[in-house]
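For what it's worth, UniProt numbering labels the leading residue of the sequence shown as 1, then goes sequentially.
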Amino acid sequence: MGKAIETKKVVVQTIADKFEASASVVVVDYRGLNVAQLTELRKQLREAGVEFKVYKNSMTRRATEMHGLEAINEHFTGPNAIAFSNEDVVAPARIINDFAKANEALEIKAGVIEGAVASADQMKALAELPSRDGLLSMLLSVLQAPVRNFAAITKAVADQKEEQGA
1 MGKAIETKKV
11 VVQTIADKFE
21 ASASVVVVDY
31 RGLNVAQLTE
41 LRKQLREAGV
51 EFKVYKNSMT
61 RRATEMHGLE
71 AINEHFTGPN
81 AIAFSNEDVV
91 APARIINDFA
101 KANEALEIKA
111 GVIEGAVASA
121 DQMKALAELP
131 SRDGLLSMLL
141 SVLQAPVRNF
151 AAITKAVADQ
161 KEEQGA
């Protein structure tokens, strides 16, 4: 009996460490997905560096209580899977949200964004944000606009003077 309790304590500590280290966490209900669909989702998440695990709800509740995330515990009912991302905050939410659009059986229940509990709607809103590369592209475009406009105006003035001189 003592060995089983020790094993459970190790699992709870492992889950707690993952919640602590993760930039974002997404809790999903995966009922209704077949093995092929679940395998495809795991593959997409793994390629993005996201860990996707299924833990017992009771152990996950204990782990969240260790970090003051009790607000998410109401979502740990029924079969759940948890996606942990240590680097990209948006990646797990985006991948799961896109996958859920194609597979209605997958449902985002809640999440944790940099230590704060987030609702399903907030996780979906996070998923709709552009990627880091997309945001950098938008920023670069905004920064280039004044230079591009100045060049266009200069060329127009030069063309106008050339026409007047001809």
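From the three backbone atoms N, C-alpha and C, an ideal C-beta is built for every residue, glycine too.
Less than 8 Å between the CB atoms is what I'm expecting for H67 and A16, so what's the real figure, rounded? In the sequence shown, residue 67 corresponds to position 67, counting from 1. In the sequence shown, residue 16 corresponds to position 16, counting from 1. Going by Cβ atoms, the distance from H67 to A16 rounds to 6 Å, so yes, they are a contact pair.
Under DSSP, the alpha helix (DSSP H) around I153 begins and ends at which residues? By one-based count along the sequence shown, residue 153 stands at place 153. Element bounds for I153: R132 to G165.
Does DSSP put G111 in a helix, a strand or coil? Here residue 111 refers to the residue found at position 111 when the sequence shown is read from its first residue. Correct three-state label for G111: strand.
Which residues share a DSSP beta bridge with A81? For the purposes of this step, residue 81 is taken as the residue at position 81 of the sequence shown. V28, per the DSSP bridge assignment.
Which residue's Cα is closest to the Cα of V25: Q164, T60, A4 and Q37? Reading the sequence shown from its first residue, position 25 is the one you call residue 25. Nearest C-alpha to V25: T60.
Who pairs with F52 in a beta bridge, going by DSSP? The residue given as residue 52 occupies position 52 in the sequence shown. The partner list for F52 (beta bridge, DSSP) reads A83.
Give me, in chain order, the residues of the same chain whose beta-carbon lies closer than 6 Å to that of G32; leave out the 5 immediate sequence neighbours on both sides. Residue numbering aside, residue 32 sits at position 32 when the sequence shown is read from its first letter. If we look at G32 and ignore the five residues flanking it on each side, its Cβ neighbours are A105.
Using DSSP bridges, identify the partner residues of S119. As a working note, residue 119 is residue 119 in the sequence shown. Answer by DSSP bridge pairing, in chain order: A110.
Would you say the region 45 to 55 touches the region 76 to 90, given that touching needs at least three Cβ pairs under 8 Å? yes
Can you tell me which of the three DSSP states N103 falls into? Along the sequence shown, read from residue 1 onward, the residue named residue 103 stands at position 103. In this structure, N103 counts as coil in the three-state DSSP scheme.
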